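In my numbering, the protein residues as written are 18 to 367.
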């Protein structure tokens, strides 16, 4: 998987026999050109630099007229400075943004494969950072319960590894082939597997819809009388799921197939918003006032208020942090690492 860079731990070995099932993409290849940009991620995938439309970038000089600011960092290079640019859509990269970690091509992305093979992906060890720190984290990428965002998966696990924390990325089952209960079952199995395999506390981090899944795990654990996670981290979580059942705000790509199964996502809505049945472990919460998809006032604020009312230990990072999907960002990563350390994660195992 991912050209041999990730280790795969199956959650349902009996139903996951054969390489063909694991290599099956979420969407047929003939439909790949129609995928939303936040999944295609042309500018972030593969060794060749491309613009958001998928055009290859070529070396050019910034002339101050044809190209304006860098499309990633918004810095404006000096006239005559070397850049990478797309002459078709005027998309450009400054010298500082031409390097950095790249995401796998769509055909190699393990989060875009195996729609019926839920698993945990373990990223390779980071050079110079020994494994064996205390505690484990399960990372749940977002993707509107229809896809899994690559930039919220393995890069996040790599960041945890740099903090001395073992992290796994959960590839959970998605709509429309499966249901929300299947997604929740995958997280429950993943937590049980990690608890059996490793000593120390276990936490989960969820982005967007993955945040909804992690928060729902707390509700489900209370219903079933199971042990809660030792901590959770919710990054721009989709707490209020009412958009999923709205006729045109649901955001589904394959809306004809997904909308019929979206009602199940609302099952624990009252509890998630702080009503009867609310339950949560110690929480690190991040919401942006500039988020057009999961604005803080509708998602983060009600959840933070419920945590406060029930005296659940928490830290709430709220502010103008950017639009939805900002992923790993310095606005919260350093604070999150410190918060985890206080909760016993990352220290050398005894």
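Where a beta carbon is used, it is the ideal one built from N, C-alpha and C, also for glycine.
None of the values given here were measured: they were computed from a predicted structure.
Item	Value
Where does the unbroken alpha helix (DSSP H) through residue 368 begin, and where does it stop?	What is shown of the chain runs 18 to 367, which leaves residue 368 out entirely.
In chain order, what are the residue ranges of uninterrupted alpha helix (DSSP H) at least 4 long that sit wholly in the stretch 50-109?	54-57
Exposed or buried, which one is residue 271 when buried takes at least 16 other CB atoms within 10 Å?	exposed
Take the Cβ of residue 263 as the centre, count every other Cβ of all protein chains shown within 10 Å, and call the residue buried at 16 or more, exposed below.	exposed
For the stretch 195-232, which segments carrying the beta strand (DSSP E) assignment without a break, of at least 3 residues, lie completely within its bounds, in sequence order?	219-224
I need the straight-line Cα distance from residue 253 to residue 305, nearest angstrom please.	7 angstroms
Between the C-alpha atoms of residue 21 and residue 126, what's the straight-line distance to the nearest angstrom?	Reliability of the predicted coordinates at residue 21 is poor, the pLDDT of 46 falling under 50, and no value is obtained from them.
Using only CA atoms, which one of 236, 207, 63, 98 lies nearest to residue 190?	207
Hey, how far is the Cα of residue 295 from the Cα of residue 171?	30 angstroms
In the DSSP assignment, the alpha helix (DSSP H) including residue 286 goes from what residue to what residue?	286-289
Looking at the unbroken beta strand (DSSP E) that takes in residue 136, where does it start and where does it end?	136-139
My understanding is that residue 26 touches residue 165, with C-beta atoms under 8 angstroms, so please give their C-beta distance in whole angstroms.	The Cβ separation is near 16 angstroms, so there is no contact.
Should residue 206 be flagged as near chain C, meaning a C-beta pair shorter than 8 angstroms?	Reference to chain C is not applicable here, since this structure consists of a single protein chain.
From residue 187 to residue 61, what does the alpha carbon distance come to, in whole angstroms?	21 angstroms
So the alpha helix (DSSP H) residue 313 belongs to, where does it begin and stop?	Residue 313 -> no alpha helix (DSSP H), and no H or E assigned at all.
Can you say whether residue 265 is buried or exposed, counting buried as having 16 or more other CB atoms within 10 angstroms of its CB?	exposed
Between which two residues does the beta strand (DSSP E) harbouring residue 249 extend?	248-252
Thinking C-beta only, is residue 310 closer than 8 angstroms to residue 341?	yes
CB residue 255 to CB residue 228, shorter than 8 angstroms?	yes
To the nearest angstrom, how far is the alpha carbon of residue 247 from that of residue 193?	31 angstroms
Do the CB positions of residue 297 and residue 329 come within less than 8 angstroms of each other?	yes
Taking the alpha-carbon positions, what's the residue 352 to residue 47 distance?	43 angstroms
The alpha helix (DSSP H) with residue 274 in it runs from where to where?	272-275
Tell me whether residue 21 sits in a helix, a strand or coil according to DSSP, three-state version.	Caution is warranted here: a pLDDT of 46 is assigned to residue 21, below 50, making its placement in the model unreliable, and no coordinate value can be reported.
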